[in-house]
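K.L.:
What the sequence shown shows, in the numbering used here, is residues 14 to 161, in sequence order.
Just so it is clear, CB atoms sit at the ideal spot from N, CA and C, and this is done for glycine as well.
Quick one: the structure is below, questions incoming.
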Amino acid sequence: MPKKKEEIHNLFKPQLTPKEMFELGVFGGSYFNKKQLREFPKSWFKKAKLSEKFDVKINRFKIKSGLTRQEWIKKGWIFKEDPLGWFQWYCRYTNGRRIQKVDEIQIQRWLNFTRHVKAIEKNCEPNDLTCRRRQRQAILQWAYNPFI
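Below, the structure written as C-alpha cells:
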C-alpha cells in the first residue's frame, strides 16, 4: 500500500474504460439491469453487448470467468456503497464519485489483479488469444487490456 492515501489514486491507470469493456463483452452482458444502467451515460451503451440474463456468448472470450456475487459477498469484496461489486465502483469512479476508504480498497484490489496479467505474459505467446482465455476474460473485466 502506498505511504500517502492520495498516492493510490495516482497508481490507478485502467487500460479500458467502462464503455470499452461493455463493447468488448463482459459479465455475460448482465452486470446491471435496465434501471441500474440509467445511472451512467447513454453513450456507454450504444455499442454495448448487453443481456437481461448472463449469456457466456456475450463475453469477449466466450468463457465464464470469475466468481458469483454470492462468493464475492462471502469473501468480503462487496461494500454497501457498491452492492454489485468492483465494476459498479469503477463505473461510479469513472463518473467522478470519490469515497476515499472504498477507493483505496478497490484500487488496491485492481493493483493486485496484475498477477493475472503477468501470468498471461509469462505463459502465452504475444497475441495468442487462445492461450489462457479465462484469465484474459478476467483481466478484461478488471479494465486491463486482454490483447497482450
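Where does proline 68 fall in DSSP's three states?
P.N.:
For the record, residue 68 in the displayed sequence is aspartate; it is not proline. Coil.
K.L.:
Assign aspartate 141 to one of three DSSP states: helix, strand, or coil.
P.N.:
Coil, per DSSP.
K.L.:
So, leucine 167 versus arginine 73, is the Cβ gap smaller than 8 Å?
P.N.:
Residue 167 lies beyond the range of the chain shown here (14 to 161); nothing can be said about it.
K.L.:
Let me confirm a value: lysine 26 is counted as buried when at least 16 other C-beta atoms fall within 10 Å, else exposed. Which label applies?
P.N.:
So lysine 26 ends up on the exposed side.
K.L.:
Just checking, does the stretch 68 to 83 make contact with the stretch 140 to 150 on the three C-beta pairs under 8 Å criterion?
P.N.:
Contact holds: three or more Cβ-Cβ distances are below 8 Å.
K.L.:
Check the C-beta distance from isoleucine 161 over to glutamate 138 and give it rounded, since I have them as a contact under 8 Å.
P.N.:
The pair is not a contact, with the Cβ atoms about 10 Å apart (cut-off 8 Å).
K.L.:
To the nearest angstrom, how far is the alpha carbon of arginine 111 from that of isoleucine 118?
P.N.:
Spanning the two alpha carbons is a distance of roughly 12 Å.
K.L.:
Would you kindly work out how many angstroms separate the C-alpha atoms of phenylalanine 100 and proline 31, rounded to a whole number?
P.N.:
If I take the Cα positions, the gap works out to 8 Å.
K.L.:
Closer than 8 Å by C-beta to asparagine 136: which residues in its own chain qualify, once you throw out the five before and the five after it? Chain order, please.
P.N.:
Here the set comprises Cys144, Arg145.
K.L.:
Opposite aspartate 116 in the DSSP bridges: which residues?
P.N.:
DSSP, once it has assigned bridges, lists no residue as partnering aspartate 116.
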